[in-house]
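Read the structure below first, then the notes.
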Amino acid sequence: MALNILEQEAPKIGVRNFLASISGDNDGSINFHHMNGFVECGRFKDAGEKFGKTFDVVWMIKKL
1 MALNILEQEA PKIGVRNFLA SISGDNDGSI NFHHMNGFVE CGRFKDAGEK FGKTFDVVWM
61 IKKL
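According to UniProt numbering, the sequence shown holds residues 1 to 64 in order.
In structure tokens, the structure reads:
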């Protein structure tokens, strides 16, 4: 998987963390990141808007 390769190579250039900014209503993406070792590190209530609907913006982190 591409994510695994990135996790192996990123520390070689000084990357220590991966961050993801995800729509709070995107359960599939949040689950994907959880299954790959990311944890929620922030949630901004009603910070996003699409098509007239507001949603939370979720930040997730994975320490390498």
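Every residue, glycine too, gets a C-beta built ideally from N, C-alpha and C.
In the DSSP assignment, find the beta strand (DSSP E) that holds residue i and state where it starts and stops.
i   : result
D42 : The question names Asp, but residue 42 in the sequence shown is Gly. Note, G42: beta strand (DSSP E), V39 to K50.
L19 : N17 to S23
Going by DSSP, what residue range makes up the alpha helix (DSSP H) through residue i?
i   : result
M35 : D27 to M35
A2  : A2 to E9
Confirm, please, whether the CB-CB distance from residue j to residue i is below 8 Å.
i   : j   : result
D25 : F55 : yes
I22 : M60 : yes
L3  : N31 : no
F38 : A20 : yes
Go ahead and label residue i buried or exposed: buried means 16 or more other beta carbons lie within 10 angstroms of its beta carbon, across all protein chains shown.
i   : result
H33 : buried
V58 : buried
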